[in-house]
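Colleague: I am attaching a structure below and will ask some questions about it afterwards.
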Amino acid sequence: MTDDALDYFRPPETEALGLIRLGASDAGLTEIAFVMEEDEPARPNAHTERARAQLAEYFDGLRQAFDLPLAPEGTDFQRRVWQALATIPFGETRCYAEIAEQLGCKGGQRAVGAANGKNPLAIVVPCHRVIGSDGRLTGYAGGIGRKQWLLAHEAGEIPFSLN
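For the sequence shown, this note's numbering gives the first residue as 296, with consecutive numbering after it.
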């Protein structure tokens, strides 16, 4: 990632989420991931700066959808799943089977779950909105605690202003 842009974003006044790393190529965002610390010096570009601004609006309760150029790397199937995830409205959830059915892959919930787990664009491609068919919170690359926090934030159970 040394030639690409890199930046960091810390949601205001919450330790629940920690630090978010933003990666981008010239084509768009390639990574939005939860990290423990800044592991490389920031090298922002227009894409990471725009992502920082839109994430700040999201956490302030001013944004429910993102308008960012995305350039994730993945298989065709993974990209189809990520596109399907992007259609889940703010504050709503879907189960893996519903996403599989949306993609015409009835019975493909395990494959959807695997692709969901490889989503490189946390929050913006809302994999946190996918739950088990029984309504339970299931795996999340950023950790179940973060998933629970994000869903609570979108449900209005956490004050929009984190200041």
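All residues carry an ideal CB built from backbone N, CA and C; glycine is no exception.
Taking the straight line between their C-alpha atoms, what separation do you get for ALA379 and GLU333?
Modeller: So the alpha carbons of these two residues sit roughly 31 Å apart.
Colleague: Distance, Cα to Cα, PHE455 vs ARG375?
Modeller: In this prediction, PHE455 has a pLDDT of 45, which is less than 50 and means its spatial position is unreliable; what the coordinates show is noted afterwards. Distance between the alpha carbons of PHE455 and ARG375 is about 31 Å.
Colleague: Do ARG347 and VAL330 count as a contact pair if the criterion is CB distance below 8 Å?
Modeller: No; because the gap between Cβ atoms is not below 8 Å, this pair is not in contact.
Colleague: Inspect the beta-carbon positions of ALA300 and THR343 and report whether they are closer than 8 Å.
Modeller: In this structure, THR343 lies closer than 8 Å to ALA300 by Cβ.
Colleague: Quick one, which of ALA311, ALA436, GLY403 has its alpha-carbon nearest ALA447's?
Modeller: Among ALA311, ALA436, GLY403, the Cα nearest to that of ALA447 belongs to ALA311.
Colleague: Run through DSSP, which three-state label would THR343 get?
Modeller: THR343 falls in the helix class under three-state DSSP.
Colleague: Along the chain, which unbroken stretches of the alpha helix (DSSP H) at least 4 residues long are found entirely within the stretch 340 to 392?
Modeller: Runs of the alpha helix (DSSP H) inside the stretch 340 to 392: 341 to 354, 371 to 380.
Colleague: Evaluate GLY437 with the Cβ neighbour count: other Cβ atoms within 10 Å of its Cβ, from every protein chain shown; 16 or more gives buried, anything less gives exposed.
Modeller: With 16 or more Cβ atoms within 10 Å of its Cβ, GLY437 is classed as buried.
Colleague: Give me the DSSP bridge partner(s) of LEU416.
Modeller: According to DSSP, LEU416 bridges with ILE327.
Colleague: Is it the case that the Cβ atoms of ASP302 and PRO339 are separated by a distance below 8 Å?
Modeller: A contact, by the Cβ cut-off of 8 Å.
Colleague: Which stretch, first to last residue, makes up the alpha helix (DSSP H) that contains ILE453?
Modeller: From DSSP, ILE453 is part of no alpha helix (DSSP H); its letter is neither H nor E.
Colleague: Short check: CB of HIS432 to CB of ILE439, under 8 Å?
Modeller: A small correction: the amino acid at residue 432 is Leu; His does not occupy that position in the sequence shown. Yes, they are a contact pair.
Colleague: Once you ignore the five residues that flank ILE394 on each side, which residues in its own chain have a CB closer than 6 Å to its CB?
Modeller: Answer for ILE394: ALA379, VAL407, listed in chain order.
Colleague: Classify ALA319 as helix, strand or coil using the three-state DSSP reduction.
Modeller: The answer is strand: DSSP assigns ALA319 an E or B state.
Colleague: Alpha carbon to alpha carbon, what distance is there between SER428 and GLU396?
Modeller: Near 13 Å, if we compare the C-alpha coordinates of SER428 and GLU396.
Colleague: Can you tell me the Cβ-Cβ gap for ALA341 and ALA417, rounded? I've got them flagged as a contact below 8 Å.
Modeller: Wrong, their Cβ atoms sit about 20 Å apart, outside the cutoff.
Colleague: Note down, in chain order, each residue of its chain lying with its Cβ closer than 7 Å to the Cβ of ARG345, except the 5 sequence neighbours on either side.
Modeller: So the qualifying residues of the chain are LEU363.
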